[in-house]
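Numbering (full-length UniProt numbering), first residue to last: 1 to 121.
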């Protein structure tokens, strides 16, 4: 009985999923256009948050020029870019984010504002 079953497929890697999504969203302009935009804005904001975590002001500026949001948040913790910059005591990135309209009173999932995170770290 078990010999006739096909082997379990392997779990796809994140890159496999991204390539698959890119192919499928890129093929159709109508119905999937909004999904494509949501996917790319999410990817853009993820790269932006990585740049903030790396304290790389040049990369932060690059992703902001590409359209990343200063209000981007980590989906797990709810930490925004300002929370991350505050936790790293990165004045240059924090100043840039605030100049572009990031809220100094934004709260993460624990109800903490960037000032709380800065004091904690």
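Here a beta-carbon is modelled for each residue, glycine too, at the ideal position from N, C-alpha and C.
6 Å CB neighbourhood of residue i in its chain, flanking five on each side removed
i	result
residue 50	none
residue 47	63
Residues that residue i bridges to, as DSSP identifies them
i	result
residue 78	In DSSP, residue 78 forms no bridge with anything.
residue 73	80
Same chain, Cβ closer than 7 Å to residue i, five either side skipped, listed in chain order
i	result
residue 116	none
residue 22	The predicted model places residue 22 with a pLDDT of 38, which falls under 50 and marks its position as unreliable; any figure quoted below should be read in that light. Nothing meets the Cβ criterion.
Extent of the continuous alpha helix (DSSP H) run through residue i
i	result
residue 91	91-99
residue 114	114-120
residue 62	57-66
Inter-residue spacing [alpha-carbon to alpha-carbon] between residue i and residue j
i	j	result
residue 42	residue 96	21 Å
residue 110	residue 99	25 Å
residue 53	residue 107	18 Å
residue 44	residue 119	29 Å
residue 84	residue 114	8 Å
residue 66	residue 104	23 Å
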